[in-house]
Structures are given as structure tokens and as C-alpha cells.
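Before any comments, here is the structure.
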């Protein structure tokens, strides 16, 4: 039977994919938005007042931002080194969609890709012009500069789907990647980041697994995705193959407002393989980009259930404003 031999957790935020001089491009957009922070909604101005005693002015100097970016790069290098050292045969990647493959007309709660091929298509100039603020500069980190075609693992994908149905998870099957938006083509960025930055030129056969973290009402709870992770482990390790499998979480941690207390508690719970501590947070904390922690929870559950232990490579809070907007980046391995 197949065996899970490696787990990886990686952030994929666009701030890692551009120089800090450009981080401010997103701040003007931040000022127009309502933000979720510690279970409540706030305006940008309210967050500035709420967080005025946290010393955030020191966090948004260019020197500090450059230090944080370099820390992220060093952590990613270690993930790449680990991936290359372990040399898994197959990967299962857990990520989410942000109106890239799906739309509100059809937004599955949980979906598993079972296609033979995965096609990468870099964004055209016209598509780049339609992207949200700050994303065009980061686009090469998700989709590269050249069209590419990689191998899915259809047999494992179909096996996972069949086993999930037995285990009480009515997942959606994707035999091809939907093309539903006009601002990008190919794979959603949660998966593209893993191909470009973690696997690099060694994109192994893989199964993308989608969790709808962003878009209610059919967002699964943290409890549900934890159980999904346990079922994912059972599915992978009941696959009749001698393949060595890596499971990879892409996304998070807290954003678009950084919440270090929440992030550190989540990471500690994963490190201790503590289900109780991991699931202690109300669903109101899993909003906006922070909801991508729900990509990590199933990987943590699966890896822990497979007997692997998490090691934290680094946690890097990247701030871009006095409101605490930005992206907290985390990088972990399970071995």
C-alpha cells in the first residue's frame, strides 16, 4: 500500500513574490475594505486605533520588511531541500480557489482532481491587467513565464474520491480544471505556487484537493476539515501502490490582517498533534485569507495520524500598514 512519508505546510502570499518596495501598493486597497480580525469585522481606521500600542510602525520599515522577505526565502529553500531529499513519488496538495477555477455559480465545498494532466498557462497581459492590486507582480511566482504540462495522478485521485464517499464525504470530482474566470488560466495560485516554488523543475504526479475556505455558506468547519484529513490519510494509505506520498498544505496563515497570537497557537497545536487545541477557535476566526488555515488542518490531521511529527521551519509575520494588514507566512515539515 502507499505510504505518507512527508508533509509540508507553506504560505503562498504574494508579498513573498515581490520586493517590499511594492508592498504598499496593496495598502490603498486595504483602506477601502472591511477586515476580519480576531473574530470581528473592522474598518482600516478602526484597526489602526485598535492596534496603536503594538509598535507596528517599527514593523513596516523597509529594513524590517526586507529582513522578513529574506527569512521567507530561506524557509522556502529549506522546504525545497526537504522535498528533494525525501523524493516522494506522488503528492496530494490541499489548497483553495479564489474565483479562479470556480465561481459562485458552482463552488464545491470539497473537490478532488482526478485528471491525467495539469496544464499551466501563464497570464496574458490582458489578464494581468484584470488582477487585483499587487497580484500582477507576483504572478510569475504562481504561473511562471512558460506554458507547461504536468502529470496528475488519476488513479490516486479516483481512489481518494471513492474512499471519501465511503467515509461520508460527498466530494466533487474534477477530471479537468475548470476555466471560469477571465483574469487567469490554468491552475489556481494555491497549487501553482507549489509547482513553481516547492517542486520547481521536479513537478511530480499529483492530486490537487480543493477546500472552499473563502466563500460561505458551504465553507466546511475546522472540525469537518480535520475529519476530512483523517479520511484523506486512510484513503491514501489504502491505495494499492508502493508509492511514497507527500501531502502539502498551501496558504495562510493569518491575512489580510496579521494575528500572531492565533497563528502561533495554531502552529503549536499542530506541532503537538493536539486535536483539542487545534480546534479550539470559533469559526469567526477563519475568515478572509485566514480561512486558508483550513488547508493546513487536514494536512496536519493526516500527517499526525500517519505518525509523522511537525517541525516549524519559520514563522514570519509580514506587515504592510499601521492597521496590521499583511500576511503571516509559515513554513513547516512533517517527517
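Residue numbers (the working numbering): 29 to 363. No residue lacks a Cβ here, since even glycine has one placed at the ideal position from N, Cα and C. Here the structure is a predicted model, which is why all the values come from computation and not from measurement.
DSSP state of residue i mapped onto helix, strand, coil
i, result
"residue 207", "coil"
"residue 243", "coil"
"residue 132", "coil"
"residue 31", "strand"
"residue 360", "strand"
"residue 144", "coil"
"residue 256", "helix"
"residue 287", "coil"
"residue 300", "coil"
"residue 295", "helix"
"residue 174", "coil"
Straight-line gap, residue i to residue j (C-alpha atoms, nearest Å)
i, j, result
"residue 171", "residue 216", "9 Å"
"residue 81", "residue 72", "16 Å"
"residue 78", "residue 88", "17 Å"
"residue 354", "residue 268", "43 Å"
"residue 98", "residue 111", "20 Å"
"residue 8", "residue 305", "The structure shown does not extend to residue 8, since the chain is modelled only from 29 through 363, so no value can be given for it."
Neighbour-count burial assignment, residue i, 16 or more Cβ in a 10 Å radius
i, result
"residue 68", "exposed"
"residue 194", "exposed"
"residue 153", "exposed"
"residue 83", "exposed"
"residue 90", "exposed"
"residue 348", "buried"
"residue 2", "Residue 2 is absent from the structure shown; the chain starts at 29 and stops at 363."
"residue 101", "exposed"
Proximity below 8 Å, CB of residue i to CB of residue j
i, j, result
"residue 270", "residue 281", "no"
"residue 311", "residue 250", "yes"
"residue 48", "residue 163", "no"
"residue 307", "residue 226", "no"
"residue 121", "residue 331", "no"
"residue 322", "residue 200", "no"
"residue 30", "residue 265", "yes"
DSSP bridge partner residues for residue i (one or two, in chain order)
i, result
"residue 87", "Answer is none; residue 87 lacks a bridge partner."
"residue 137", "Bridge partners of residue 137: none, in fact."
Any chain C beta carbon closer than 8 Å to residue i
i, result
"residue 30", "Any reference to chain C falls outside this structure, which holds one protein chain only."
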